[in-house]
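Structure, as structure tokens:
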Amino acid sequence: MTEKIEIEEKRRWLYKKLKEYRSIDSLNERLDILEEIVKQGYKKDLYLKRLARILVENQRYSEAIKILDDIRNKDIITLSLMVRSLSYLGRYEEAKKCLDKVLGMLELNYDLPYVLSQVSFYYFLRGETREGLALLNSYIEDIINIPSSKRYLANFYNRLAILNYVDGNIENALHFYNLASDYAKRSNDKLILYRIMNNAGDVGRYLYGPKSSIKYNLEAYEMAKDFPKDFIVVSLSNLINAKAQFCSSNEIEAMLKELEEMLKDVNIEYFLYIGYRRLALVNIYYHRSEEIRRFIPYLRNIKSIPENNVLIKIFEGYLGEDIDLLSLEKDVLETKEIQIILIYLRLLLEKGLTPRKITKEFYSEFPLYQFMKGLIEKEDPISLLKYIDSMLERWEYLDALSSYLLLIKTAGLQDHSSLQHLSYFEAMSLSYLLNLNSIAEKLRKEIPLNGFPVDEYARVRIIEYYFKEALINSENEEQAIRLIYRVLSEYLDDFLIRVDVASRTIEKGNTLFGTGNEKLRYENSPFSITLYSREEPNSLTLSLLRSFLNAFIIFWERRYGMYDALTGLSNRTYGIKKIEESFNEYKRNKEPFSIVFIDVDSLKKINDTMGHSYGDLVLQEIASSIKSTIRQTDYAIRWGGDEFLILLRNTDYDNAEKVIKKIDDRISASSNGKFSVSYGVEAVSEYTTTYNKLIETADIKMYANKYSKRRGGNISES
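Each residue of the sequence shown is one higher than the one before, counting from 859 in this note's numbering.
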């Protein structure tokens, strides 16, 4: 009788705990309940699996693997969690055995997105990004069509975004992060949303700079406070990475101290690597050798991160140790990691060395990379300023400072007084802005005082400040060019000033001047400004021309905001408005329409090998092929970068496919095989919930089409 009472009491206790488990959302509280249940001897696979999953999500991999080992019936989800846990613990051989089992069990079912998301950690941590992408990409069209949970889909698209980001497919990564974020918000899963915010911050930082990433970084950092310290380390590291670019060094130093203190309670090597690496990287940009030296021993203790050894050697190079830097290039290139490549190239430039492969085999739109690539390839020093302008636009003031310092040190500006003066003045201004007073003081001592117009620079700054507003608010381009001419007349008597916007030219002054009288030219494609004169402009004119063009770009975009300056197509904002109108019309009157999403194949490679001017011509040629094929009632949209979108009104799916086939044929004929496009088609239907969903589906189909072509498959839509 007593035994029956004990059994009944245990049963009631278990029922109470399970009811409590189901009623709470906190991962940590759920974890405590499951651990208590298991400790009481309830070791059914059901409880062990739930406990293991929460341990994995909390990144407690050592504990998770013990629980996973105890599960008798190891299903595919259990094995996938083992792959992830063993990979983070650096036990790659065991992880590979589990991975092989998982790959042999894969089926098109509800769990597929989650299983793939878990095994992708193996490829990520092993540096086998391409293999991981190949696996996830091979199932992407199936996943569009199979039912699954929003949480599972959020995990899948998040991992697909990460692998694309690491492989350099940044626009793809941003698309999949947005898709993952949408599913995560609808699933109410705070943990996966936190991860997506962290990762989206990385992509935003790459594409648009800290001014884009900071909102993600701050949100992720606040969310991380509800999770274990490992999570906070990652978020704080990302936040430091963004804020160091535009905040005072005093604020950043306080954050660095907080991060260093936090790392004392972290045990997993991956998170130790994230933290100590960030501490060292910031101090490289701050020119603080002793701080870098202090963190190297901590990094040396980390054995399971392949790129760590490469990073340590680069740090040692900054400290002046005897490192064969050129022989390190192959290993640096294999990391494919932009931050490692950036500090390596900067080190080579400071040492007067030239890389053999990186600038030919690695491509990135990151402004600092483009700047250093231009320096290495002996690009005209003045043309390099466009990359610094891009950094300033993105709030990358620390990168801009580094760029000016490299210009001063490596570009041989003795015969380029205007650029030399500008570089010193701007570098000092940025040093004071970031409170890096030791760098500013060093620059002050180095300034070639002879002919350096410090007082005149201050006057020019005032002119630029007031002139910028007037130019931006000009009524038309004729008024804008008159303003530019009037300011330059203070410094020159007889000259011609010319602004080009793609094929459009606006000019004022002595039109008899020709190319032989060109004195200064500054370009930020598709915009450029050129000064023609027989007089020699003083060293301040370059600063003025640069400000003029940047203000003119803002004026142009405000005045002609419906259109893309390079291609003449509708811009993204206007395109979204028209798609929304078509969707609303469909809901009212069932008027059909289709979306075609187009992406230029390998445009980055084209830009890298043939130059940005040729890349611009490619975009213009594709735009021309689109415009000459579609009807006047349709809309061709420059979606951004290498992407186009076509809105085909009163067009069903089959007819939309016929249109894109014609466009594709025209592009093939005009390019003679030198460039091509990938595309995805989607038509509105009764199942379309939002116009954004329509665009997303067309985008995913385009991505699948591009992947099919890379693998040598046919180019048909599913």
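Even glycine gets a Cβ: it sits at the ideal position worked out from N, Cα and C.
- Under a 10 Å Cβ-count criterion, LYS1115 is classified as exposed, with fewer than 16 other Cβ atoms of the shown protein chains found around its own Cβ.
- A Cβ-Cβ distance of about 7 Å is found for the pair PRO1068 and ARG1252, placing them in contact under the 8 Å criterion.
- The alpha carbon of ILE1110 has as its nearest neighbour, out of LEU1191, GLU1165, PHE1220, LEU1137, the alpha carbon of LEU1137.
- When rounded, the separation of the alpha-carbon atoms in LEU961 and LYS1008 is 23 Å.
- Within the model, the alpha-carbon separation for LEU964 versus ALA1042 is close to 24 Å.
- The beta carbon of LYS1462 sits closer than 6 Å to the beta carbons of TYR1221 from its chain, once the five residues preceding and following it are set aside; these are given in chain order.
- Three or more Cβ pairs drawn from the segment 1057 to 1073 and the segment 1011 to 1030 lie within less than 8 Å of each other, which places the two stretches in contact.
- Counting other Cβ atoms within 10 Å of its Cβ, GLU1501 reaches 16 or more and is therefore classed as buried.
- Cβ neighbours of SER1401 within its own chain (closer than 7 Å, five residues either side excluded): LEU1280, VAL1318.
- Shortest Cα-Cα distance from ILE1484 to any of TYR1432, THR1425, GLY1433, ASN1465 involves THR1425.
- When secondary structure is reduced to three states using DSSP, ASP1358 falls in the strand class.
- Straight across, the Cα-Cα distance linking PHE1283 with ARG1146 is about 22 Å.
- With contacts defined by Cβ atoms closer than 7 Å, TYR1343 and ILE1437 do not form a contacting pair.
- Annotated as proximal: LEU1177 and ARG1151, with beta-carbon spacing under 7 Å.
- Ranking ARG1446, ASN1530, GLY1498 by CA distance to the CA of ILE1456 puts GLY1498 first.
- The C-beta of ASN1530 has fewer than 16 other C-beta atoms within 10 Å across all chains shown, which makes the residue exposed.
- For LEU1259 against LEU1292, the beta-carbon gap comes to about 7 Å, under 8 Å, which counts as contact.
- With respect to the C-alpha of ILE1364, the residue from GLY1372, SER1386, LEU1378, ILE1154 having the closest C-alpha is SER1386.
- Shortest Cα-Cα distance from TYR1143 to any of PRO1155, LEU1294, LYS1161, GLU1304 involves LEU1294.
- Shown here, GLY1175 sits in a helix according to DSSP, grouped into three states.
- Between GLY948 and LYS1161 a beta carbon distance of about 7 Å is seen, short of the 8 Å cut, so the two are scored as contacting.
- In the DSSP assignment, GLY1498 falls within the unbroken beta strand (DSSP E) covering 1493 to 1498.
- When the beta-carbon positions are compared, TYR1202 and ILE1172 come within less than 7 Å of each other.
- In the same chain as LEU1065, and ignoring 5 residues on each side of it, the C-beta atoms closer than 7 Å to its own belong to ILE1028, LEU1032, in chain order.
- DSSP, read as helix, strand or coil, puts ASP1247 in helix.
- DSSP places GLU986 outside both helix and strand once states are collapsed to three, so it counts as coil.
- Taking 7 Å as the cut-off, the Cβ atoms of ALA1038 and TYR1015 count as close.
- Per DSSP, the continuous beta strand (DSSP E) segment holding THR1388 begins and ends at 1385 to 1391.
- Measuring C-alpha to C-alpha distances from MET1560 to each of THR1547, SER1248, GLU1540, GLU1449 identifies GLU1540 as the nearest.
- Contact holds between the segment 1339 to 1355 and the segment 1398 to 1412, because three or more Cβ pairs, one in each stretch, are under 8 Å apart.
- Counting only runs of at least 4 residues, the segment 946 to 997 fully encloses the following alpha helix (DSSP H) elements, listed from N- to C-terminal order: 950 to 963, 970 to 984, 987 to 995.
- Unbroken alpha helix (DSSP H) stretches of 4 residues or longer found wholly inside the segment 1417 to 1497: 1430 to 1447, 1461 to 1468, 1470 to 1485, given in chain order.
- Between GLY1433 and ILE1495, the C-beta gap is smaller than 7 Å, which places the two residues in contact.
- Nearest neighbour of SER938 by Cα position, chosen from ASP969, ALA992, SER1452, turns out to be ASP969.
- For ASN1382, the pairing in a beta bridge is given by DSSP as PHE1385.
- Three or more pairs of CB atoms, one per stretch, sit closer than 8 Å, so the segment 1371 to 1389 contacts the segment 1225 to 1245.
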